[in-house]
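Protein chains in written order, with our numbering: chain A, 4 to 274; chain B, 4 to 274.
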């Protein structure tokens, strides 16, 4: 299934805009799991199985696997999601960005090797660094636009020709989006900018990190970013869900946190 | 040894500004190697051994390994360079860029797992996305500034407050460079911009891709970018060296291509 179609189906049929981020920091894994073989996979699989019906997507962050030589665990995790929870798309958060010939290799890494349904991509190198991902017609390509971190303003907030750099990225994404594959990352810490991006890109999906541990406001995010149809957002929470509990009951604690966030999102989505 | 010191030593003692890029495209490996186990490692090791005395650095591009499940070959390749060619620093070209907690994991991946001496980093997410790499005091951090590809102009060439975005990146790098670890990527396809960056950053090292297969001019690059001391540049060539020959003599063909490029650089460096 096309990534965009899968996300739309989750928004409507499963009634959720919550994206569950999988950032398995080894130092924060529950004690009962930490020393097992394939602890990262084991932990993430439990989180996935406890939250899949509440998620519009899962978003594993590749650095947490690559730092610990755990690429095979990432492959197994994504295969598990596809097998056990068909219909829930997987966004590989890797923020790749390079010249065309190298981007072709990154596309193979993300879409063929890992089997991801979508990939986050850095727009700094421009159109030909994005094209190779768009050559995979079923896959989603999620460009960084306005990131949730403090340094995000260093370049993204520069003004040029009457608009900010992140607004320019949004307009470029609209232009490059011939096949409906693109989405944008806009941080929940900046609801005013979510609204500005929404005005530029129409119904294009937005991936919104920054609620939960990073402090973004759910009500402001939903109000600023939802489309008229009540969709359009993949609101990501990672640490607040993954580490909701640290004991043997971590998976049910994660489920409770995911459910509370999903419900909080839906409350404002319908207001 | 600190990355910056290692590079300076290569420039002066080994009289070379040539960086040999290791982008092992499986489709272009010599027939004699292609079907061997660990073909990527085998190919790169031959190139490395044939060119090490001519190189100021080696720059493996991680996508070419990750796309083919060859992380262990990359680990072995870098370990080989350190063991057999001590003093030649390794730049891991991965163009990472993410929020601080994730960047810490990418730093572990690059510097601890792979043992790289320097890493390329994308500046789009700003200062706190760069800081975690600078926390490794011996390591080099090479920020994308003005890239060599056509789409590089989409954002990097926007004008804001009387300067281009890439000039702003150069000024930020100067500001963030408290410990002398930073360098910048500036494409050989834009010698005028190399000169502008050089004026902004003083003696900061510049990694210059785009000579060879991408068509950048060696004379213009050296004239625009060398410091008064005749250093300051890591001029990268990948494909023109790697695929100089396709037969059993590929390693000696690579050496000849590397030597010609090194000599051509030195010719203008001294003019």
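From the three backbone atoms N, C-alpha and C, an ideal C-beta is built for every residue, glycine too.
### Query
Is the region 156 to 171 of chain A close to the region 101 to 115 of chain A, with three or more CB pairs under 8 Å?
No: the two stretches stay apart, fewer than three of their Cβ pairs being nearer than 8 Å.
### Query
Going along the chain, which residues of its own chain have a beta-carbon closer than 8 Å to the beta-carbon of residue 27/A, five neighbours each way excluded?
Closer than 8 Å at Cβ, skipping near neighbours: 43, 46, 47, 67, 68, 245.
### Task
Would you please verify whether the beta carbon of residue 262/B is less than 8 Å from any beta carbon of chain A?
Not one chain A Cβ lies under 8 Å of residue 262/B.
### Task
Please list the partners that residue 112/A has in chain B, where partner means a Cβ-to-Cβ separation under 7 Å.
Correct list: 66, 69, 70.
### Query
For the region 211 to 243 of chain A, which residues have a CB atom closer than 7 Å to at least one CB atom of chain B, in sequence order?
Only those residues of the region 211 to 243 of chain A whose C-beta falls short of 7 Å from the nearest C-beta of chain B would be listed, and there are none.
### Message
Starting from residue 239/A, trace the beta strand (DSSP E) in both directions and tell me its first and last residue.
### Response
Residues 236 to 240.
#### Entry: Spatial distance of residue 117/A from residue 24/A (CA atoms)
Their Cα atoms are separated by approximately 16 Å.
### Nearest candidate by alpha-carbon position, reference residue 78/B, set 90/B, 112/B, 54/B, 147/B
With distances taken between Cα atoms, residue 78/B lies closest to 112/B.
### Query
Quick one, which of 231/B, 251/B, 262/B has its alpha-carbon nearest residue 243/B's?
Residue 262/B holds the alpha-carbon nearest to the alpha-carbon of residue 243/B among 231/B, 251/B, 262/B.
### Query
Closer than 8 Å, CB to CB, is residue 128/A near chain B or not?
Yes - at least one Cβ of chain B is within 8 Å of the one on residue 128/A.
### Query
How many Å lie between residue 247/A and residue 29/A at the Cα?
Cα-Cα distance, rounded: 15 Å.
#### Entry: Under 8 Å by beta carbon: chain A residues contacting residue 156/B
Under the 8 Å cutoff, chain A gives 129.
### Query
Whose C-alpha, out of 182/B, 221/B, 184/B, 174/B, is nearest the C-alpha of residue 203/B?
Of the listed residues, the one whose Cα sits closest to residue 203/B is 174/B.
### Query
With a Cβ-Cβ cutoff of 8 Å, do residue 228/A and residue 235/A count as a contact?
Here residue 228/A is near residue 235/A, since their CB atoms are less than 8 Å apart.
#### Entry: 7 Å Cβ cut-off: residues of chain A touching residue 153/B
Residues of chain A with a Cβ closer than 7 Å to the Cβ of residue 153/B are, in chain order, 131.
### Query
Just to confirm, are residue 132/A and residue 152/B a CB contact at a threshold of 8 Å?
The answer is yes: Cβ separation under 8 Å.
### Message
What does the Cβ neighbour count give for residue 265/A, buried or exposed, with the cut at 16 atoms within 10 Å?
### Response
Flag for residue 265/A reads buried.
### Query
Would you call the region 12 to 22 of chain A and the region 141 to 148 of chain A in contact, with 3 or more CB pairs under 8 Å?
With a cut-off of 8 Å on Cβ pairs, the region 12 to 22 of chain A is not in contact with the region 141 to 148 of chain A, counting fewer than three such pairs.
### Query
Would a check of beta-carbon distances place residue 98/A closer than 8 Å to chain B?
Yes - at least one Cβ of chain B is within 8 Å of the one on residue 98/A.
### Task
Using three-state DSSP, classify residue 143/B as helix, strand or coil.
In the structure shown, residue 143/B falls within a strand segment according to DSSP collapsed to helix, strand and coil.
### Query
So who's on the other strand from residue 209/A, going by DSSP bridges?
Its beta-bridge partners are 187/A, 236/A.
### Message
Under DSSP, the alpha helix (DSSP H) around residue 264/B begins and ends at which residues?
### Response
Looking at the DSSP string, the run of the alpha helix (DSSP H) that includes residue 264/B is 253 to 273.
### Query
Would a check of beta-carbon distances place residue 101/A closer than 8 Å to chain B?
Taking Cβ atoms only, chain B reaches closer than 8 Å to residue 101/A, which makes this a yes.
### Message
Comparing C-alpha positions only, which one of 214/A, 197/A, 215/A sits nearest to residue 208/A?
### Response
Looking at the Cα atoms, 197/A is the closest of the given residues.
### Query
For residue 61/A, does the three-state DSSP call read helix, strand or coil?
Residue 61/A sits in a strand when the DSSP states are folded into three classes.
### Query
Do the CB positions of residue 51/A and residue 123/A come within less than 8 Å of each other?
No, the Cβ-Cβ distance between residue 51/A and residue 123/A is not below 8 Å.
### Message
For a contact defined as C-beta to C-beta under 8 Å, what are the partners of residue 136/A on chain B?
### Response
Ordered by position in chain B, no residue passes the 8 Å Cβ test against residue 136/A, which lies about 12 Å from the chain.
### Query
What are the start and end residues of the beta strand (DSSP E) that includes residue 94/A?
Counting along the chain, residue 94/A sits inside the beta strand (DSSP E) bounded by residues 94 to 99.
#### Entry: Boundaries (first-last residue) of the beta strand (DSSP E) holding residue 23/A
Looking at the DSSP string, the run of the beta strand (DSSP E) that includes residue 23/A is 21 to 25.
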